[in-house]
Amino acid sequence: MRSQVLFRIGGSTSPHQGKEKINKRHTARCSPASKNTTNQSYWQEQDLELGTLAPLGEAISSTVWSSPDMLASQDSQPWTSDETVVAGGTVVLKCQVKDHEDSSLQWSNPAQQTLYFGEKRALRDNRIQLVRSTPHELSISISNVALADEGEYTCSIFTMPVRTAKSLVTVLGIPQKPIITGYKSSLREKETTTLSCQSSGSKPAAQLTWRKGDQELHGEPTRVQEDPNGKTFTVSSSVTFQVSREDDGADIVCSVNHESLKGADRSTSQRIEVLYTPTAKIRPDPPHPREGQKLLLHCEGRGNPVPQQYLWEKEGSVPPLKMTQESALIFPFLNKSDSGTYGCTATSNMGSYKAYYTLNVNGVDRQGTKKLAQSSLRRHKTPARCPRPPAPTTPSSAGSWRSSSSCCSSCSSSSATT
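The structure is reproduced here in structure tokens:
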């Protein structure tokens, strides 16, 4: 809070002289009172050379910022507030004054063009509309705000002297939907890949984050580059990670965070495909077969790609029982001779996996009651990472591959009774 006034001192005067020569310009500033003063303020002077003529007893100039001792000046000082608006939105500029001193309020833009003087429109811009005009308030709105509208707006009241208040309008640039690049084709299990994400048009610069499903991915720090318009920014980020079979079909999401979005989600996702070796298990139908019943052994293969070939074998039997694209082995009428251990090899172009099933069919007991067929299922605890076998052309050639494959023939197995 301070006040400044320029006045004359020095030079000779007489009752017959109406003017005096000003040898110096004194600048007096009003400061808060100290404990040793009786008034509410005191004056400090600084001598400056001037050398002009002015009427005696008249101040050369007066500029008032504000004064604690001048209540009328305070009441005539308008006030407003800074505003923040999202590009494309609407901002309301409100200016108020307590004592208008029979003068009107005026709004002008950063280029000092008058927008409204009281209720009178001064600039032909249909985006600018009058909201309220009274002797104590002038409020206007600007719709469809653009980045070019940012700046300092001035509210003035034409008292003596003219008093002004400033309102800084900040326009937020909305970031565009991010774009993910770097994904070209299917990935193999345990392969490492790098994806990049970019978003333009934010002001101030936005931040990018990564996630895989609900899991956060730690990417590189967001890089910032100014756009050609000199007002907004383009941000980019990259993330590198190793894929597993659990990632097959997962969505990698890049999200942009910015205050203009007000919590709304703005993101892009990239679904990835992961190729991995197959697994298999044998499922009997019915689960508890009886002697004389029909039994189907289903070899359920899983993987990406899904196994396209199934080879059925019975231990001790040469050649293999069946090689087909169908996964089921059928026993039309179950009898004792069907007892034994059966193996199913599921094959895709990513490799092979072999599962085992042990079937034990009992005869009729002394009382003539048919006994249940006892069966047990054996399969690998972990997938067998077998290389893809050569595609057999005949059952005999497929059987020779089985006997020579150390990968599948040496796999450990476990037993379970069904």
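First residue of the sequence shown: 665, per the numbering used here; consecutive thereafter.
Just so it is clear, CB atoms sit at the ideal spot from N, CA and C, and this is done for glycine as well.
Asked                                                                                                                                                                                        : Found
Mapping the DSSP letters down to three states, classify Asp-911 as helix, strand or coil.                                                                                                    : helix
Compute the Euclidean distance between the alpha carbons of Leu-836 and Asn-790, then round it to the nearest angstrom.                                                                      : 22 Å
Determine the contact status of Asp-912 and Val-938, defining contact as a CB-CB distance below 8 Å.                                                                                         : yes
Do Thr-904 and Thr-858 have their C-beta atoms within less than 8 Å of each other?                                                                                                           : yes
Kindly indicate which residue of Ile-806, Asn-1013, Thr-798 and Ser-807 has the alpha-carbon position closest to the one of Tyr-940.                                                         : Asn-1013
Quick one, which of Val-907, Val-917 and Val-970 has its alpha-carbon nearest Asp-878's?                                                                                                     : Val-917
Identify, in the order they occur along the chain, each residue of the same chain with its Cβ nearer than 6 Å to the Cβ of Cys-861, setting aside the five sequence neighbours on each side. : Pro-842, Ile-844, Leu-872, Ser-901 and Cys-918
Do Leu-794 and Cys-819 have their CB atoms nearer than 8 Å?                                                                                                                                  : no
Alpha carbon to alpha carbon, how far is Gly-865 from Trp-743? Give it in angstroms, no decimals.                                                                                            : 33 Å
Nearest-angstrom Cα distance between Ser-1016 and Ala-751?                                                                                                                                   : 58 Å
Grab me the residues of Ala-1019's own chain with a C-beta within less than 6 Å of its C-beta, minus the 5 sequence neighbours each way, in chain order.                                     : Ala-944, Lys-945, Ile-946, Cys-1008 and Arg-1043
Is it true that the CB of Leu-787 sits closer than 8 Å to the CB of Gln-777?                                                                                                                 : yes
What would DSSP say about Glu-765, mapped onto helix, strand or coil?                                                                                                                        : coil
Is Thr-798 buried or exposed, if buried means 16 or more other CB atoms sit within 10 Å of its CB?                                                                                           : exposed
Give the range of the beta strand (DSSP E) segment to which Glu-1087 is assigned.                                                                                                            : Missing from the structure shown is residue 1087; the chain here goes from 665 to 1082 and no further.
Taking Thr-834 and Thr-898 to be in contact with their CB atoms under 8 Å, please state how far apart those CB atoms are, rounded to whole angstroms.                                        : With 8 Å as the limit, Thr-834 and Thr-898 do not qualify as a contact, their Cβ atoms being about 20 Å apart.
Identify whether Ser-864 lies in helix, strand or coil by the three-state DSSP scheme.                                                                                                       : strand
Considering just the uninterrupted stretch of the beta strand (DSSP E) at Asp-949, what are its terminal residues?                                                                           : 938 to 949
Closest to His-922 by CA distance: which of Glu-880, Pro-839, Leu-985 and Trp-976 is it?                                                                                                     : Pro-839
Can you tell me whether Leu-993 is helix, strand or coil according to DSSP?                                                                                                                  : strand
Compare the Cα-Cα distances from Lys-830 to each of Thr-856, Ser-745, Ser-1003 and Glu-890 and report the closest residue.                                                                   : Ser-745
Nearest to Tyr-1021 by alpha carbon, out of Leu-959, Pro-983 and Glu-990?                                                                                                                    : Leu-959
Hey, out of Trp-976, Leu-993, Glu-814 and Glu-979, whose CA is closest to Leu-961's CA?                                                                                                      : Leu-993
Output yes or no for whether 8 Å exceeds the beta carbon distance between Ile-804 and Leu-881.                                                                                               : no
Name the DSSP bridge partner or partners of His-962?                                                                                                                                         : Arg-947 and Ala-992
According to DSSP, what are the bridge partners of Lys-1018?                                                                                                                                 : Thr-1009
For Val-1025, does the count of other Cβ atoms within 10 angstroms reach 16, so buried, or fall short, so exposed?                                                                           : buried
Between the alpha carbons of Glu-853 and Asn-968, how many angstroms are there, rounded?                                                                                                     : 10 Å
Quick one: grab the DSSP three-state call for Ala-812.                                                                                                                                       : helix
Please classify Gln-973 as buried or exposed, where buried requires at least 16 neighbouring CB atoms within 10 angstroms.                                                                   : buried
Quick check on DSSP: helix, strand or coil for Ser-924?                                                                                                                                      : helix
If you follow the beta strand (DSSP E) that Val-755 is part of, which residue opens it and which one closes it?                                                                              : 755 to 760
Just tell me which of Pro-885, Pro-868 and Ser-908 has its CA closest to the CA of Trp-874.                                                                                                  : Pro-885
Since Thr-823 and Ser-740 should fall inside the 8 Å C-beta cutoff, what is the C-beta to C-beta distance between them, to a whole number of angstroms?                                      : 5 Å
Is it right to say Lys-867 is buried, meaning 16 or more other beta carbons lie within 10 angstroms of its own, or is it exposed?                                                            : buried
Using CA coordinates, which residue listed in Ser-1003, Ser-991 and Asn-999 is at the minimum distance from Glu-979?                                                                         : Ser-1003
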